[in-house]
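Protein chains in written order, with our numbering: chain A, 1108 to 1237; chain B, 1108 to 1237.
A virtual CB, placed ideally from N, CA and C, is assigned to each residue, including glycine.
2 protein chains.
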Amino acid sequence: MKRQNYSRKREAILQALQGTNTHPTAEWMYLQLKSQFPDLSLGTVYRNLAQFKTEGSAVSVGIVNGQERFDGNTSPHSHFICTQCGAVLDIFKPLYAEASFSEISQELCAQVESCDVLFRGVCSDCLKKQ
Amino acid sequence: MKRQNYSRKREAILQALQGTNTHPTAEWMYLQLKSQFPDLSLGTVYRNLAQFKTEGSAVSVGIVNGQERFDGNTSPHSHFICTQCGAVLDIFKPLYAEASFSEISQELCAQVESCDVLFRGVCSDCLKKQ
DNA sequence: GTTAAAAATAATAACTATTATTGATTTGAG
DNA sequence: CTCAAATCAATAATAGTTATTATTTTTAAC
């Protein structure tokens, strides 16, 4: 039984990503795992996150304040980004945008493969602080 | 009549952005305008684009291949991004995602202000080339 | 368990898009 | 024209990310 693409750090990185709903940055994950793996390198986090993306075990939410945000939840859902604190929240309510794949494909004569819906605004925590 | 925030270069940058549907990068705009304004600086393009965004006369489509893409069309519409060539295409078909503002607001106890819908796939040109 | 090839990593350097700085130029009302 | 405010060019600086390379870890056959 050949277990390719395995290392304890890679496994820990993926588990840390799947175990949070904060949609973290590479740097945040690096700092989180640094205590458990004192010799962890930031480059390793970046490299593994990139690999998770191409493998499909992680997705990118987008870039918030100059930093890419990752999501280990690959089930289809949308996101809300707080323009004040940068928090990224999940929205699991279906939005019918995916239902437009075929129509968009026809309109553009293109092959539509995915759809991201991003809401922006002020989150509840930031509203309270005002 | 006070004409604040005016300069021939700023006007040219905005007109160039509004006169294309390619959703260009700052660098693309710089190269486009360089022939007309030989002493134009890339920093000036970046600074004006940032100002257009805060003023609301331009919006950001997102970051494609590491570069921010801008749109001078501020009417609500969606976008398709080709994952092969990086082209950004407009989609004017309404997608009913905006209709979910109030529901999302309730679900998150947040103040939703905008919504971006991004489709990804392979554009017609790239499909032909395969 | 050993061992050798393959894969992954740490540390570091390099890259690149973007932003900040600063001194010079342009703008427009008086 | 004059002057203060706005804008700009040129340059340096910043910061997120990627590439490099020597070292370490993992793997699977022995």
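Could you check what DSSP says for GLN1174/B in three-state terms: helix, strand or coil? strand
Strictly by DSSP, which residues pair up with GLY1169/B? DSSP lists ARG1176/B as partners of GLY1169/B.
Is there a Cβ of chain A sitting closer than 7 Å to that of SER1142/B, yes or no? no
Three-state secondary structure (DSSP) of MET1108/A: Note that MET1108/A has pLDDT 43, beneath the 50 cutoff, so the model's placement of it is unreliable and the number below is only indicative. Here MET1108/A sits in coil by DSSP.
Under 8 Å from the C-beta of GLU1210/A: neighbouring residues of chain B: LYS1200
Assigned exposure category for MET1108/B - 16 Cβ within 10 Å defines buried: Reliability of the predicted coordinates at MET1108/B is poor, the pLDDT of 41 falling under 50, and no value is obtained from them.
Listing by chain order, which chain A residues have their CB less than 9 Å from the CB of SER1148/B? None at all; the shortest Cβ gap to chain A is about 22 Å.
State yes or no: is the beta carbon of SER1182/B nearer than 7 Å to at least one beta carbon in chain A? no
Whether GLY1150/A touches ALA1165/A by CB criterion (7 Å): no
Extent of the continuous beta strand (DSSP E) to which LEU1225/B belongs: 1218 to 1229
Since ILE1211/B and PHE1187/A should fall inside the 8 Å C-beta cutoff, what is the C-beta to C-beta distance between them, to a whole number of angstroms? 7 Å
Once the 5 residues before and after MET1136/A are set aside, which same chain residues still bring their CB inside 6 Å of it? Closer than 6 Å at the Cβ level, and outside the excluded window around MET1136/A, lie ALA1123 and VAL1152.
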